[in-house]
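In our numbering, the protein residues as written are 2 to 438. Backbone N, C-alpha and C define an ideal beta-carbon position, used for all residues, glycine too. Keep in mind it's a predicted model, so treat the numbers as computed, not measured. Everything below concerns the one structure shown next.
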Ligand SMILES: [Zn+2]
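Below, the structure is given as structure tokens:
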């Protein structure tokens, strides 16, 4: 179903660049001042860097400011970075720290309004409006996905279904029975839901009304998108965000699917060299650094997202929006595998694997140390039963194709349908690095 380009607030989303930048500068200065005056951590940090809030006179001056890292949030656990009294906080979320303390993010009611606005705009970019039924198969707990989608859908006047994850068969039934039109999920769960539906004899493309998906929170390639779109007969939108930036809704694709528009009246983005922290030119790949411009409870300055992307070299888009675009996230800097000295992004492997007509969307990457060498294994589930000879031939073919793309020679193992593990909702574990275990 083609989606009409739709802007919730054209006067902001398509404002002249000058106006956007003027607003950004004003808000940047306010943010730095509030952080300096109300958060002891930032007061100290700025003092050490020899910077006062009044030194910020242009947007480029943001580069004088120090970065904030995830570890700074951990060090200030739980409430150390608040710029408001705790009585003003109405909600908190926490990121799933794999080790040590989680990172807490806090919201005032003003923050929740902002977040709802950003998510509403993001949905609207995909044509969602009042009358839509938004099925939210995302966690409704510490994770920001569920509630972020929820607030945004309700802000638009759409019906928000707080489904959560797990109970996959039940979700399939409810999606069909409720007549849900929009699906919110992590990409791998959108895939899993479709697989379970087919097992139940329900064709998600024909037997449900889902026509738009908003997917994010994990790495997914264009090949994966094609497969998910086909299974559901829907148009899926990549949405970006993280709990430190409220949650989902920092940036989203428009209907042209050529990069994600950053909501620049709320976020100032830079892409920097991961090693030196120096700013990069548009089209140069590096780490995304974001300064939220409207965070009330917890202002952050130059937050190091660790996500690898680039700024696109244009501020105009055929959709009419003037907000800058970033490329789809290539992966997190710490997702990058170093295999015998070669940098490999799992996404590059996914692209090649999923371009094989015989491959199901289920695959797994395993890295092991064997003696002095790293060894890369790629397990791929076939979409039908193949005989051993056929498996060997196709594995050999895929091995060569992968070598050409990633420079490393993997061992490819093709397995029968249903052999690889499935996740019931959370982010998928596609990569197992046994060197780190
Ligand atoms: Zn656009």
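The three-state secondary structure of residue 150, taken from DSSP, is helix.
Taking the CA atoms as reference points, residue 294 sits about 19 angstroms from residue 316.
Residue state for residue 362 is assigned as strand, using DSSP reduced to three classes. Summarising the contact set, residues whose Cβ lies nearer than 6 angstroms to any heavy atom of ligand 1 are, in chain order, 255, 257, 262, 318, 320 and 322. Within its own chain, the residues whose Cβ lies closer than 6 angstroms to the Cβ of residue 242, once the five positions on either side in sequence are excluded, are 248, 249, 250 and 251, listed in chain order.
Per DSSP, reduced to three states, the secondary structure at residue 243 is strand. DSSP places residue 96 in no alpha helix (DSSP H) but in the uninterrupted beta strand (DSSP E) bounded by 90-96. In this structure, the CA atom of residue 363 is about 34 angstroms from the CA atom of residue 270. Counting along the chain, the unbroken alpha helix (DSSP H) around residue 124 starts and ends at 110-126. Between residue 173 and residue 194 the beta-carbon gap is near 6 angstroms, inside 8 angstroms, which marks them as a contact. About 18 angstroms separates the beta carbon of residue 263 from that of residue 68, a gap too long to meet the 8 angstroms contact definition. In this structure, residue 32 lies away from residue 347, with their beta-carbon atoms at least 8 angstroms apart.
Shown here for residue 410: same chain residues with a beta carbon closer than 7 angstroms to its own, the five before and five after excluded, namely 400 and 404 in chain order. For residue 303, the closest of 282, 292 and 221 by C-alpha to C-alpha distance is 292. Taking C-alpha positions only, residue 51 is separated from residue 41 by approximately 15 angstroms. Cβ neighbours of residue 356 within its own chain (closer than 6 angstroms, five residues either side excluded): 224. Look at residue 341 here: in three-state DSSP terms it is coil, with no helix or strand label. Sequence-distant Cβ neighbours of residue 386 in its own chain, meaning closer than 8 angstroms and more than five residues away, are 417 and 418.
Between residue 138 and residue 179, the beta carbon gap of about 12 angstroms keeps them out of contact (Cβ cut-off 8 angstroms). Residue pairing by DSSP places residue 262 opposite 253 and 326 in a beta bridge. Each of 325, 384 and 425 was checked against the Cα of residue 21, and the nearest Cα belongs to 325.
By the C-beta density criterion, residue 59 is exposed, having fewer than 16 other C-beta atoms within 10 angstroms.
The alpha-carbon separation between residue 103 and residue 135 amounts to approximately 30 angstroms. DSSP places residue 434 inside the beta strand (DSSP E), whose first and last residues are 432-434. Contact between the region 148-167 and the region 268-282 is absent: fewer than 3 CB-CB pairs across the two stretches fall below 8 angstroms. The alpha-carbon separation between residue 298 and residue 90 amounts to approximately 7 angstroms.
By the Cβ neighbour-count rule, residue 87 is exposed, with fewer than 16 other Cβ atoms within 10 Å of its own.
Residue state for residue 190 is assigned as helix, using DSSP reduced to three classes. Distance from the Cα of residue 166 is smallest, within the candidate group 424, 434 and 432, for 424.
For residue 196, the three-state secondary structure derived from DSSP is helix. In this model, residue 390 and residue 414 are separated by some 12 angstroms (Cα to Cα). It is roughly 19 angstroms from the alpha-carbon of residue 203 to the alpha-carbon of residue 189. Following the DSSP letters along the chain, one finds residue 374 inside the beta strand (DSSP E) bounded by residues 374-383.
No residue range can be given for residue 7, since it is assigned to no beta strand (DSSP E) and is classified by DSSP as neither H nor E. Residue 215: member of the beta strand (DSSP E) spanning 213-217, first to last residue.
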